[in-house]
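Novice:
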Amino acid sequence: STPMIREAESCQLALELARMHIHSTIIERDPARCRVMKTLLPEATIICADGTKPDVLREEGLPEADALVTLTESDETNLISCMVGRKLGATHTIARVRDEEYYQDVVLLQDELGLSLSINPERTSAKEEYTPDFHLQGI
Numbered sequence: 001s002t003p004m005i006r007e008a009e010s011c012q013l014a015l016e017l018a019r020m021h022i023h024s025t026i027i028e029r030d031p032a033r034c035r036v037m038k039t040l041l042p043e044a045t046i047i048c049a050d051g052t053k054p055d056v057l058r059e060e061g062l063p064e065a066d067a068l069v070t071l072t073e074s075d076e077t078n079l080i081s082c083m084v085g086r087k088l089g090a091t092h093t094i095a096r097v098r099d100e101e102y103y104q105d106v107v108l109l110q111d112e113l114g115l116s117l118s119i120n121p122e123r124t125s126a127k128e129e130y131t132p133d134f135h136l137q138g139i
């Protein structure tokens with residue numbers, strides 16, 4: 001089982017996971033980004049597809065993945081994707097939520113939304129979020 005990073009906007013989280021010796025699968029719809037990520041992250045599996053589609057998530061092994069991390073530019077897409085991911089069998093779902101006011105609501109409703117964790121990058125770096133305290137290594 002491996003964490004699955006969906007619609008990765010950057011390689012930062014995958015680099016952090018690689019440093020922790022955790023394999024990741026990244027689903028990215030932009031072919032140019034896929035090419036760059038394949039070069040920068042040879043240890044990660046890069047899938048060039050639309051990760052908002054449940055069929056793609058199923059096909060790429062989401063039910064067997066340790067976690068689904070959503071990093072699109074849209075808070076709403078990230079939240080909905082995590083809810084779909086939970087329904088498809090993801091053990092842990094982690095959504096990036098950039099809007100500060102929205103983030104406060106998400107934190108309050110985290111359990112109801114089926115989120116294991118929500119990330120506001122302006123508040124904390126990925127390295128601080130993905131420490132062994134969250135037990136990502138042991139998922």
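40 is the number that the working numbering gives to position 40 of the sequence shown; each next residue is one higher, with no gaps.
Just so you know, even glycine gets a beta-carbon here, dropped at the ideal spot from N, CA and C.
This one's a predicted model, so the numbers in the text were calculated from it and none came from an experiment.
Can you tell which of Ser74, Gln110, Leu108 and Val69 has the C-alpha that lies nearest to the C-alpha of Leu13?
Specialist: Val69
Novice: Name the DSSP bridge partner or partners of Thr45?
Specialist: Thr25
Novice: Spell out a yes or no on whether the segment 81-89 and the segment 102-111 are touching, meaning 3 or more CB-CB pairs, one atom from each, closer than 8 Å.
Specialist: no
Novice: Would you call the CB atoms of Ala44 and Ile27 closer than 8 Å?
Specialist: no
Novice: Determine whether the Cβ of Pro31 lies closer than 8 Å to any Cβ atom of chain B.
Specialist: This model lacks chain B altogether; it includes just one protein chain.
Novice: Go ahead and pull the three-state DSSP assignment for Ser81.
Specialist: In the structure shown, Ser81 sits in a helix (DSSP, three-state: H, G or I).
Novice: Measure the C-alpha to C-alpha separation of Leu15 and Arg58 and round it to an integer number of angstroms.
Specialist: 24 Å
Novice: Helix, strand or coil, according to DSSP, for Leu117 in the structure here?
Specialist: strand
Novice: Under three-state DSSP, which class holds Leu109?
Specialist: coil
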